[in-house]
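When the letters of the sequence shown are read in order and numbered with the UniProt record's numbering, they come out as residues 1 to 373. Every residue gets a Cβ at the ideal spot worked out from N, C-alpha and C, and that includes glycine.
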Amino acid sequence: MESDMRRVFKRVNTRKAVAPDGICGRVLRACADQLAPVFTDIFNLSLMLGIIPSSFKRSTIVPVLKKPGPSDLSDYRPVALTSVMMKYFEKLVRDFITSSLPAPMDPLQFAYRHNRSTDDAIADLLHTTLTHLDERRGNYVKMLFVDYSSAFNTIIPSLLTTKLEDLGLHTSLCDWISNFLTDRPQSVRVGNCAPSTLTLSTGALQGCVLSPLLYSLYTYDCTATSSSTIIVKFADDTVVMGLISDNDERAYLEEIKHLENWCQENNLLLNVSKTKELIVDCSKKQERNYQPVRISGTTVERVDSFKYLGVHISQDLSWSCHTNSLAKNARQRLYHLRCLRDFRLPSKVLRNFYTCTSTPVHPHGEHHSLIWE
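#1: Taking only the alpha-carbon atoms, compute the straight-line gap between E260 and T202 and give it to the nearest angstrom.
#2: What's the gap between the Cα of Q206 and the Cα of Y218?
#3: Is the CB-CB distance between I256 and V272 below 7 Å?
#4: Note down the Cα distance separating C263 from V141, rounded to an integer number of angstroms.
#5: What are the boundary residues of the alpha helix (DSSP H) that includes H336?
#6: For P20, does the three-state DSSP call read helix, strand or coil?
#7: By a C-beta neighbour count over all protein chains shown, 10 Å radius and 16 as the cutoff for buried, is L73 buried or exposed?
#8: Which residue from F180, E277, D120 puts its Cα closest to that of V93?
#9: Straight-line CA distance for M85 to D4?
#10: Please report the straight-line C-alpha distance between S245 and G138, rounded to a whole angstrom.
#11: Residues in the same chain with beta-carbon distance under 6 Å from L253, minus the five sequence neighbours each way, listed in chain order, please.
#12: State the Cα-Cα distance for the pair N266 and L159, rounded to the nearest angstrom.
#13: Bridge partners of F306, per DSSP?
#14: Counting pairs of beta carbons, one from the stretch 222-232 and one from the stretch 105-122, are three or more of them closer than 8 Å?
#15: Ignore the nearest five residues each way along the sequence and tell me which others in K57's own chain have a CB closer than 6 Å to its CB.
Here's what the structure looks like:
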């Protein structure tokens, strides 16, 4: 354990912001040999007692804009600045949990798994769709792209620890995780303004190392109940797929109802306004009356295309929508570069601007190229 602690201290990113506990990464890295045995004892005692020092649990929440032109608080993502020391404790716990769990519990949860990425989630979704369409004439696929309201923030610690115990994790570790999620002092910082501190005992903070894995374990039992439905997950990005034959959508609609009930039992709130349905149907000669999807009495909007994990998926499965989006993005960035050139700025400035803004267009275009080649 001490060698692990020393190794992670020597790899600390010294450019990270100083956390609320006041311990900066530069000190940890410079004094790794001296501090490793001290913090190893603290960590071992913390695990044995199932208690985390309150200074390590303190966090500052910074609202990060999700997209330009915000109109609501939901357009901001609450990201937590937490203790540098605690992040490395979390990494050690995360690695231990990952190595202790049966693999894989949910093969259709592609996040936080070794050698898995968004490419795998999209490839599985498209492969399943194309396979079903090819099996029989008249088949079609309905996809429900589910959006949760503050999914990480609604985790119930007691329910999570029950699930972790069912998965075989030791009781002392479950107690430590429960303590990690409860009685967390935090404040929100906007600019230089930070109001009084509040103490929370619900949810897993976005920005914590352990939070993504804990959410994945919290939702591992959210799986399809029918052979004609599939639930593909990448963290909280969830797609319910209905493989429809003979115009029979009952299993698909029942699956959505089951998901709605599961969310109620697990304190997750479905955001109906951002949940969308997309239908892939290649039978041009048939006129169908697709049944609408209703969640909590509200009809889900049906769309012609949807951006899923960075890729635009259209109802005809063509890539024109995706490539047009990439081209538009590139044109916008290159326009600003041409404007700077017209001001006769030095070539070094233009090169720096290109590196910072325009160069990412190329790897962004190559991203997911495995899917759309």
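Looking at the atomic coordinates:
#1: The count along the sequence shown starts at 1 and reaches residue 260 at position 260. The count along the sequence shown starts at 1 and reaches residue 202 at position 202. Cα to Cα, the separation comes out at about 21 Å.
#2: Here residue 206 refers to the residue found at position 206 of the sequence shown. Here residue 218 refers to the residue found at position 218 of the sequence shown. In a straight line, the C-alpha of Q206 is about 15 Å away from that of Y218.
#3: Residue numbering aside, residue 256 sits at position 256 when the sequence shown is read from its first letter. Residue numbering aside, residue 272 sits at position 272 when the sequence shown is read from its first letter. No, the Cβ-Cβ distance between I256 and V272 is not below 7 Å.
#4: Position 263 of the sequence shown holds residue 263. Position 141 of the sequence shown holds residue 141. Cα-Cα distance, rounded: 23 Å.
#5: Here residue 336 corresponds to residue number 336 of the sequence shown, with the count starting at 1. Per DSSP, H336 belongs to the alpha helix (DSSP H) from 320-342.
#6: Within the sequence shown, numbered from 1, the residue matching residue 20 stands at position 20. Looking at P20 - three-state DSSP - the assignment turns out to be coil, as it is neither helix nor strand.
#7: Reading the sequence shown from its first residue, position 73 is the one you call residue 73. L73 is exposed by the Cβ-count criterion.
#8: Sequence index remark: in the sequence shown, residue 93 carries index 93 (1-based). When only C-alpha atoms are compared, the closest one is F180.
#9: Taking the first residue of the sequence shown as 1, we reach residue 85 at position 85. Taking the first residue of the sequence shown as 1, we reach residue 4 at position 4. The alpha-carbon atoms of M85 and D4 are separated by roughly 13 Å.
#10: Position 245 of the sequence shown, counted from the first residue, corresponds to residue 245. Position 138 of the sequence shown, counted from the first residue, corresponds to residue 138. Cα-Cα distance, rounded: 7 Å.
#11: The residue given as residue 253 occupies position 253 in the sequence shown. Hits under 6 Å: none found.
#12: Within the sequence shown, numbered from 1, the residue matching residue 266 stands at position 266. Within the sequence shown, numbered from 1, the residue matching residue 159 stands at position 159. Rounded to the nearest angstrom, the two C-alpha atoms are 8 Å apart.
#13: For the purposes of this step, residue 306 is identified with residue 306 of the sequence shown, where counting begins at 1. Per DSSP, I313.
#14: yes
#15: Position 57 of the sequence shown holds residue 57. Excluding residues within five positions, the ones whose Cβ falls inside 6 Å are R184.
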